[in-house]
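Asker:
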Amino acid sequence: MDDQPAVGRRSWLDRVERLGNALPDPAFIFVALIVVVMAVSAIAAAAGWSAINPATGERIAVESLFSADNLRKLLVEMPKTLAAFPPLGFVLVVMLGAAVAERAGLFTVLIGRAVRNLPVRWLTPCTYFIGLMSHHAGDAPYVVLIPLAAIVYAEAGRHPLAGIAAAYAGISGAFAGNVLPGQFDVLILGITQAAAHLLVPGHVLNPLGNWWFTAALGLIVLPIVWLVCDRLVEPRLARWQADGPDAGLAAPVGELHVSQRRGLRRAGLAALVVVALFAALTLTPGFHPLIDDGAQGAARLTPFYGALIAAFFLLFLACGWAYGAAAGTIASHRDVVAMMGQGMRDLAPYIVIVFFAAHFVALFAWSGLGPVMAIKGAELLRGLALPVPLLLIVLLLMSSVFDLLIGSASAKWSVMAPIAVPMLMLLGVSPEMTTAAYRMGDSIFNIVTPVASNFVLVLVMCQRWVKGFGVGSLIAMMLPFSIAIGITGLVLVAGWVTLDLPVGPGAPARYVVAAAQ
1 MDDQPAVGRR SWLDRVERLG NALPDPAFIF VALIVVVMAV SAIAAAAGWS
51 AINPATGERI AVESLFSADN LRKLLVEMPK TLAAFPPLGF VLVVMLGAAV
101 AERAGLFTVL IGRAVRNLPV RWLTPCTYFI GLMSHHAGDA PYVVLIPLAA
151 IVYAEAGRHP LAGIAAAYAG ISGAFAGNVL PGQFDVLILG ITQAAAHLLV
201 PGHVLNPLGN WWFTAALGLI VLPIVWLVCD RLVEPRLARW QADGPDAGLA
251 APVGELHVSQ RRGLRRAGLA ALVVVALFAA LTLTPGFHPL IDDGAQGAAR
301 LTPFYGALIA AFFLLFLACG WAYGAAAGTI ASHRDVVAMM GQGMRDLAPY
351 IVIVFFAAHF VALFAWSGLG PVMAIKGAEL LRGLALPVPL LLIVLLLMSS
401 VFDLLIGSAS AKWSVMAPIA VPMLMLLGVS PEMTTAAYRM GDSIFNIVTP
451 VASNFVLVLV MCQRWVKGFG VGSLIAMMLP FSIAIGITGL VLVAGWVTLD
501 LPVGPGAPAR YVVAAAQ
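Quick note on our numbering: the sequence shown kicks off at 1 and runs consecutively.
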């Protein structure tokens, strides 16, 4: 009797998995999407589909991707389109260093020893929380934390894909949550402030205006992710045997040899050197290239956050080389170069898929479909005579639907905010609360949509552990997290504005209508 409910819970995910795995290879999924977006752009352009950007008064019209200019751009700029795909450069740079650390044996020894001191049952909340705190690092956590989480779980005797799931949920699924504010808060609330000025010129927003909400969301979701991962997702993963090229990393670590201990000491010294270098470039008075003196608040650290990709590359390279030289796994610089080459070969399937993904993203942007869809959707809110909590829920759901098609949160908000923010201010909702609802909706489907820029990367990482893991398998693995995080965020947004709780320092959920008038 006890097994029956579990089987019932798994059945719908099994159907999702089968349907998803019946899809073509991810590369051809993007080929199909390219065909669709080109056809839709031609139809929409012929129909004259357009919208007025309320921030600039400029008319945005959909362009046919079959126009001479767009076809020329597609063919002439093909190399540039691939090279400009944002995650590609991040992945290649970090993996050059990580390949050395991995093949030298540093990751396996270091993580294996660390796991022994951490209770296995605490792996999921710790992995999720680290993912949550890594939001400031841009795309770096995808290429650093996710593969490390898989190794940690494998060393602890748990399924490595459960580690990937917990890390992915923290990094991308809970993107609207953040215990500490960072540069994205400054960016998104800067867009909100410009939109608020359309109604109330001079209205000032605190860049930390979402802090209380994002911190509460991140912490509330922690036990939910823990429960979903350990009780629902990981039991389903038992069917998948770790048989990929990374499966050997699951071997338990025994007592360290003298050379391995010496290698860890050398790696520690190398890490201190890299940390000291970046600290000097950030904190040295009069010479701090990683600080933007022209910015205010958290935005001053934007160069530092951007340099984290280079920091991880140098950290992995220096530590891996130092460890390998002392432990005997690296004999010369030729071994280091060979390890880098092996790491690049492992990324070959990812690069193939990225070629098509990059062109889909570029074509969608050239068509103008994204901004027009966002503006039309925001205008729809204006005609809905709904109570404020329900109106925010509609905004949240609309944001989540757009997230399936448009990857950039700031790009969507830049065209939605000029309509949604002033409209909701007149209905008694503060700009900060509107922004929080939008951010929540923008996070829900990040981890289950194949058009997300990092979805393919995570899929390739899963296939490094399990050869037969497909698109449907990844969607089915992450869908319970999406549903749980989405329901939690929906309830939190509705409850927050109903109780009129402060969204952040000096940022109430409600707005005094008289002030707007």
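Note that the Cβ used here is the ideal one computed from N, Cα and C, for glycine as well.
Keep in mind the model is a prediction, meaning the values are calculated, not measured.
(1) Decide if P147 is buried, meaning its Cβ has at least 16 other Cβ atoms within 10 Å, or exposed.
(2) Taking the Cβ atom as the reference point for each residue, do Y128 and A169 lie within a distance shorter than 8 Å?
(3) In the DSSP output, which residue or residues are listed as bridge partners for A365?
(4) Determine, using beta carbons only, whether M461 and R103 come nearer to each other than 8 Å.
(5) What's the C-alpha gap between A247 and T108?
(6) Going by other Cβ atoms of all chains shown within 10 Å of its Cβ, with 16 needed for buried, is A68 buried or exposed?
(7) Per DSSP, which residues does I171 bridge with? Please list them.
(8) Considering only the beta carbon of each residue, do S259 and G320 sit closer than 8 Å?
(9) Look up G504 in the DSSP assignment and give the residues it is bridged to.
(10) Going along the chain, which unbroken runs of the alpha helix (DSSP H) with 4 or more residues stay wholly within the stretch 174-261?
(11) Bridge partners for V59 per DSSP, in chain order?
(12) With a threshold of 6 Å on Cβ separation, who are the neighbours of M433 within its own chain once the five nearest residues in sequence on each side are excluded?
(13) Helix, strand or coil, according to DSSP, for V429 in the structure here?
(14) Can you say whether P242 is buried or exposed, counting buried as having 16 or more other CB atoms within 10 angstroms of its CB?
(15) Taking all protein chains shown into account, do 16 or more other C-beta atoms lie within 10 angstroms of the C-beta of L392, making it buried, or fewer, making it exposed?
(16) Are L13 and V354 close, meaning C-beta to C-beta below 8 Å?
(17) For the alpha helix (DSSP H) containing P480, list its first residue and its last residue.
(18) Does the stretch 306-316 come close enough to the stretch 264-282 to have 3 or more Cβ pairs within less than 8 Å?
(19) Starting from the Cα of F481, find the closest Cα among G495, A295 and T124 and give me that residue.
(20) Taking the continuous alpha helix (DSSP H) assigned at F304, which residues delimit it?
(21) Have a look at M423 and F402 and give me their C-alpha separation to the nearest angstrom.
(22) How big is the Cα-Cα spacing for P181 and H257?
(23) Is it true that the stretch 203-220 meets the stretch 433-449, where meeting means three or more beta-carbon pairs spaced less than 8 Å apart?
(24) Helix, strand or coil for N446 per DSSP?
(25) Measuring alpha carbon to alpha carbon, tell me which residue in L269, S473 and R15 is nearest F455.
Answerer: On the basis of the data shown:
(1) By the neighbour-count definition (other C-beta atoms within 10 Å, threshold 16), P147 is a buried residue.
(2) If you check the CB distance, Y128 and A169 come in under 8 Å.
(3) DSSP output for A365 lists no bridge partner at all.
(4) Between M461 and R103, the CB-CB gap reaches or exceeds 8 Å.
(5) 12 Å
(6) exposed
(7) Answer by DSSP bridge pairing: none, since I171 is not bridged.
(8) no
(9) A507
(10) 183-196, 211-227 and 234-237
(11) For clarity, residue 59 is Arg in the given sequence; the question names Val instead. R59 is bridged to I52.
(12) V497, V503 and A509
(13) strand
(14) Looking at the sequence provided, one finds Ala at residue 242 rather than Pro. Buried, since its Cβ has 16 or more Cβ neighbours within 10 Å.
(15) buried
(16) no
(17) Counting along the chain, P480 sits inside the alpha helix (DSSP H) bounded by residues V471 to L499.
(18) Yes, the stretch 306-316 is in contact with the stretch 264-282.
(19) Nearest of G495, A295 and T124 to F481, Cα basis: T124.
(20) T302 to G306
(21) 19 Å
(22) 43 Å
(23) yes
(24) Of the three classes helix, strand and coil, the one that applies to N446 here is coil, per DSSP.
(25) Among L269, S473 and R15, the Cα nearest to that of F455 is on S473.
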